[in-house]
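What follows is a set of notes on a single structure, which appears directly below.
Chains as they are written, first to last, in the working numbering: chain A, 4 to 132; chain B, 12 to 488.
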């Protein structure tokens, strides 16, 4: 499983990374691998304000559809419009070109509560049991 | 199976051929108004023989429970006895219309009444509606009844419906359709509802719990009484998804377990056709306190007369006319054909067949929750490096078997969900188990055989990803 050393994680398989004042967010390498080929990504509207843990979108593969959860509370400032035509970017580069949303955190302290890469790896191992 | 790929009628078309002949015109010709005619309509021109062969060849490619084993987990693809078709085709049923007055359709109403009564007896509920057209429609009906019950009591702050992560995938959709919020409840290490998580989620905002028992892992809920009591203690209702009722017939009654509402799938448990041969039928049973909210119409018997009535606080009509009546005829036929003892034997054999298959393959295909299963079980296709469940499923087609349900339930990675049903012989089960074991060996010795499967079908591995990403919705592309 690949991890991004600069990112933090949620046990629901989203990653979050600081980019200036903003947070970038996508799904983990483990998540894209479990889903297999992603065929559709539904993203929120710019300007939407969402709470931590709230659904910000849906990712669909040939196997399953899964909700996407906000790692922190915030206001959406940008979504990755390329995913509309190229959802496969989520598979090929989950931490890079496959990013999903950028948001302005409304409660920056929530960052500290997110999982480190190591903690996330442990959570995945437990889930796979 | 006819293996050649069948061309489209459009591709077989040749100008001037036709498969019809109309009588000579015996009235004055009246042309369509100017501007409303087209020269090119692009309809295929085919002779009658070519047309007949086209459809007969297509029908020979059909895969059905009448031709092969169909172990599609969660779908209960049991054999549908042919006598069902005899009764459903009886003139008294086929030559009636739902708009005929009650006195002219007493036989039809009698059949509906007897089916309502039979389902009540089988399930332990106080009342049954036959309206819903399928399982998910039954769920929707059931949740609307739960909503009506709470609203009628002035209990309007209830918005959350709790759904275990081992439930059927349609449950959250039915909840959303009813204007409520679905809240997921995790499973514990034995595949039961996590009781602590359930207790923590139960409060005065809970409409109820939607539970499938046995659940989609094919496991009977070991703490079902505590689960039901916990939900009732916070004022919530318990909805049972009856999709897996085949495992309980004549052995346990959901009404006795404390369930308040449940839908039946006549097209699973009671042998009416489905999977392209439908339509379905999803009657809903309710406990005493929910009787006033049942949909219209209910069939009642007064003396020797059958009547349609509207329950006092009915949620209204859920379907045009009386529901999918033809399925009711087939289901009652099945119930009467079996009787109490044989229906119990249906459940016992369904559970026995599933456990037999599980025992034959579980050393090779790991089963996440190693308990005695009910009518189905969930194994994993995680058997060799680079092999996925989809490869195993496709290879099974080469061995002449319909693949089981794959990648569901979501809580088991690489899930293979197998439901043999009670109608299969030991020889069929053994042949299927042998094929699965052989495939596991191929996965180690010749994995490409799996990656490129199926090999024996008119079309090979379909590009599902391409079809989803760039669908071609017109035959001309």
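All C-beta atoms, glycine included, are put in the ideal place defined by N, C-alpha and C.
Alpha-carbon to alpha-carbon, residue j and residue i
i	j	result
residue 102 of chain B	residue 117 of chain B	14 Å
residue 449 of chain B	residue 409 of chain B	12 Å
residue 482 of chain B	residue 209 of chain B	42 Å
residue 331 of chain B	residue 163 of chain B	25 Å
residue 63 of chain A	residue 188 of chain B	21 Å
residue 85 of chain B	residue 318 of chain B	36 Å
residue 66 of chain A	residue 42 of chain B	54 Å
residue 315 of chain B	residue 362 of chain B	40 Å
residue 300 of chain B	residue 160 of chain B	8 Å
residue 37 of chain A	residue 424 of chain B	8 Å
residue 479 of chain B	residue 34 of chain A	19 Å
residue 367 of chain B	residue 455 of chain B	25 Å
residue 373 of chain B	residue 211 of chain B	35 Å
residue 202 of chain B	residue 181 of chain B	20 Å
residue 243 of chain B	residue 183 of chain B	20 Å
residue 194 of chain B	residue 157 of chain B	16 Å
residue 47 of chain B	residue 334 of chain B	40 Å
residue 488 of chain B	residue 85 of chain A	For residue 488 of chain B, the predicted structure reports a pLDDT of 42, less than 50, and the residue's modelled location is therefore unreliable. A value from the coordinates is still provided. Answer to the nearest angstrom: the Cα atoms are 24 Å apart.
residue 215 of chain B	residue 205 of chain B	20 Å
residue 405 of chain B	residue 467 of chain B	10 Å
residue 56 of chain B	residue 18 of chain B	14 Å
residue 418 of chain B	residue 68 of chain A	11 Å
residue 122 of chain A	residue 276 of chain B	44 Å
residue 476 of chain B	residue 40 of chain A	7 Å
residue 79 of chain B	residue 398 of chain B	26 Å
Contacts of residue i in chain A (Cβ-Cβ under 7 Å)
i	result
residue 490 of chain B	Since the first residue of chain B shown is 12 and the last is 488, residue 490 of chain B is not available in this structure.
residue 418 of chain B	66, 67
residue 421 of chain B	67
Check: residue i C-beta below 7 Å from any heavy atom of the ligand HEM
i	result
residue 315 of chain B	Because no ligand of any kind appears in the structure shown, any question about the ligand HEM cannot be addressed here.
Residue from the options whose Cα sits closest to the Cα of residue i
i	options	result
residue 462 of chain B	B:401, B:64, B:279	B:401
residue 490 of chain B	B:34, B:49, B:86, B:132	Within the shown structure, residues of chain B are numbered from 12 to 488, placing residue 490 of chain B beyond reach of any answer.
residue 18 of chain A	A:99, A:131, A:107, A:128	A:99
residue 338 of chain B	B:71, B:51, B:23, B:105	B:105
residue 113 of chain B	B:226, B:309, B:447	B:309
residue 88 of chain A	A:42, A:16, A:26, A:29	A:42
residue 391 of chain B	B:342, B:363, B:485, B:451	B:451
residue 343 of chain B	B:384, B:327, B:282, B:470	B:282
residue 267 of chain B	B:257, B:235, B:247	B:235
residue 8 of chain B	B:243, B:230, B:82, B:155	Here chain B covers residues 12 to 488 and nothing more, so residue 8 of chain B does not appear.
residue 255 of chain B	B:169, B:91, B:336, B:388	B:388
residue 328 of chain B	B:149, B:176, B:239, B:469	B:149
residue 126 of chain A	A:27, A:31, A:9, A:25	A:31
residue 365 of chain B	B:354, B:353, B:378	B:378
residue 359 of chain B	B:385, B:348, B:370, B:243	B:385
residue 434 of chain B	B:403, B:353, B:166, B:473	B:353
residue 264 of chain B	B:383, B:18, B:224	B:224
residue 76 of chain A	A:95, A:111, A:91	A:111
residue 232 of chain B	B:248, B:198, B:242	B:198
residue 498 of chain B	B:109, B:348, B:107, B:70	Beyond the ends of chain B as shown, which are 12 and 488, falls residue 498 of chain B; an answer cannot be given.
residue 70 of chain A	A:109, A:113, A:15, A:119	A:15
residue 286 of chain B	B:154, B:82, B:175, B:295	B:82
residue 119 of chain B	B:92, B:305, B:311	B:311
residue 460 of chain B	B:420, B:442, B:415, B:407	B:407
residue 302 of chain B	B:126, B:92, B:140, B:31	B:140
residue 165 of chain B	B:218, B:52, B:484, B:442	B:218
residue 83 of chain A	A:48, A:24, A:121, A:8	A:48
Chain-ordered neighbours of residue i on chain B, where CB pairs are closer than 8 Å
i	result
residue 1 of chain A	What is shown of chain A runs 4 to 132, which leaves residue 1 of chain A out entirely.
residue 90 of chain A	480
Within chain B, partners of residue i - CB distance below 7 Å
i	result
residue 131 of chain A	424
Taking only beta carbons into account, state which residues of the region 451-485 of chain B come closer than 7 Å to chain A, listed in chain order. Those residues of the region 451-485 of chain B that come within reach of chain A (Cβ to Cβ, closer than 7 Å) are 475, 476, 479, 480.
Every unbroken alpha helix (DSSP H) inside the region 30-68 of chain A [4 residues or more]: You should have 32-38.
Beta strand (DSSP E) runs contained entirely in the region 192-246 of chain B, provided each spans 3 or more residues: As far as the region 192-246 of chain B is concerned, its whole beta strand (DSSP E) runs of at least 3 residues are 192-196, 217-223.
What ranges does the beta strand (DSSP E) occupy inside the region 329-404 of chain B, keeping only unbroken runs of at least 3 residues that lie completely in it? Runs found: 388-391.
As an exercise, report each continuous beta strand (DSSP E) stretch of at least 3 residues that is fully enclosed by the region 93-149 of chain B, in chain order. Within the region 93-149 of chain B, complete beta strand (DSSP E) segments of at least 3 residues are found at 138-140, given in chain order.
Taking the runs of the beta strand (DSSP E) that are 3 residues or longer, which of them lie wholly in the region 424-453 of chain B? Complete beta strand (DSSP E) runs here, min 3: 426-429.
Whole runs of the alpha helix (DSSP H) within the region 71-130 of chain A, excluding any shorter than 4 residues: Listed in chain order, the complete alpha helix (DSSP H) runs (minimum 4 residues) inside the region 71-130 of chain A are 85-88, 92-95, 113-116.
Run through the region 258-312 of chain B for me and flag every whole beta strand (DSSP E) of 3 or more residues, listed as ranges in chain order. List check, beta strand (DSSP E) in window: 272-275, 295-297.
Could you name each continuous alpha helix (DSSP H) segment of 4 residues or more that falls completely within the region 13-73 of chain B, going from the start of the chain to the end? Runs found: 20-23, 59-71.
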